[in-house]
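So the sequence shown is numbered by this note's numbering: it starts at 7 and just counts up by one.
Where a beta carbon is used, it is the ideal one built from N, C-alpha and C, also for glycine.
First the structure, in the form of structure tokens, and then the observations on it.
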Amino acid sequence: MKELDLGEVAAELTILPLPPDGKHPPCRRRTAPGEIVIPAKEWSGYFRGVKSGYVFFDAEDGSNGGLGFAVFDGRTGRKLFEDVAVGGLRGAERAGPAIRLRYRRALVGACSIPHDGAKCWAATAAQMPGVKAAPPPDCGAGYLKAKSAMARGRCEARQGAGPDCIAAEMKRLDEQHWNEAPSVVAYGVEAEIGRSEQRVRALGGALSCWPAD
């Protein structure tokens, strides 16, 4: 792998296959014969690692409480899979010719579960095959935690993180319809990624919920 960081957000990424003699090629800025350049429109971010011929890249920045990642075929440079993980990948192992990953997926819904209620939760759950629609996650607690952190951050930026400032910011966020922000739901999944087929299934465990950025 070659990662060229020019000081901008995201690096230039290439896959540099080993030559027939198995010796590592020299690290040079110019593109070498056989080097596979990852187009920015395919993925923009940073190199994460290699496992069994599959190349992993992270996104250049996080969003909605998670970090995007992509899996490429190290032989062809073709993107096989991408998703958003909360807390990083928790496992990567061989599964025959494929590779199996476990992580918590962040799904951004189209509505706010605290604001729109059961109808919104049913629509969001329908986008998560294998996840039971009941009981819903405690979105109220997740929204309150995020709102409190936002209020505290605003006050600290003004050098005044006292209780009066935080209370005022909490009220201001309510006036800005904070609870109407789309809901992000995190749930455990196992993804099996091969060069010709990819499958994702939901795992058991608690669901988490918070507002989208």
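Practice task
Can you tell me which of Lys57, Glu9, Ala129, Gly166 puts its alpha carbon nearest to the alpha carbon of Gly80?
Solution key: As a first step, residue 80 must be located in the sequence shown, where it is residue number 74. Among Lys57, Glu9, Ala129, Gly166, the Cα nearest to that of Gly80 belongs to Lys57.
Handout entry: Touching by the beta-carbon criterion (3+ pairs, under 8 Å), the stretch 142 to 153 and the stretch 171 to 189
Key = yes
Handout entry: C-alpha distance - Thr20 paired with Met7, whole-angstrom precision
Key = The residue labelled residue 20 in the question sits at position 14 within the sequence shown. The residue labelled residue 7 in the question sits at position 1 within the sequence shown. Those two C-alpha atoms are separated by around 6 Å.
Practice task
Leaving aside the five residues before and after Ala104 along the sequence, list all residues of the same chain whose C-beta is less than 7 Å from its C-beta, in chain order.
Solution key: Reading the sequence shown from its first residue, position 98 is the one you call residue 104. Answer for Ala104: Glu198, Ile199, Gly200, listed in chain order.
Problem - Unbroken alpha helix (DSSP H) run spanning Asp122, endpoints - result: The count along the sequence shown starts at 1 and reaches residue 122 at position 116. 119 to 122 is the extent of the alpha helix (DSSP H) around Asp122.
Exercise for the section: Leaving aside the five residues before and after Ala128 along the sequence, list all residues of the same chain whose C-beta is less than 8 Å from its C-beta, in chain order. Expected result: Residue numbering aside, residue 128 sits at position 122 when the sequence shown is read from its first letter. Here Ala128 has Ala139 as same chain residues with Cβ atoms under 8 Å from its own Cβ, once five neighbours each way along the sequence are excluded.
Exercise for the section: Going by DSSP, name the residue or residues bridged to Ile21. Expected result: Locating residue 21 in the sequence shown gives position 15, where the first residue counts as 1. The partner list for Ile21 (beta bridge, DSSP) reads Ile42.
Exercise for the section: Measuring alpha carbon to alpha carbon, tell me which of Asp144, Arg158, Arg164, Pro31 ends up nearest Ser189. Expected result: Position 183 of the sequence shown holds residue 189. Out of Asp144, Arg158, Arg164, Pro31, Asp144 has the C-alpha closest to the C-alpha of Ser189.
Practice task
Compare the C-alpha of Gly68 against each of Val90, Leu113, Gly102, Val61 and name the closest.
Solution key: Here the question's residue 68 lines up with position 62 in the sequence shown. The residue with the shortest Cα to Cα distance from Gly68 is Val90.
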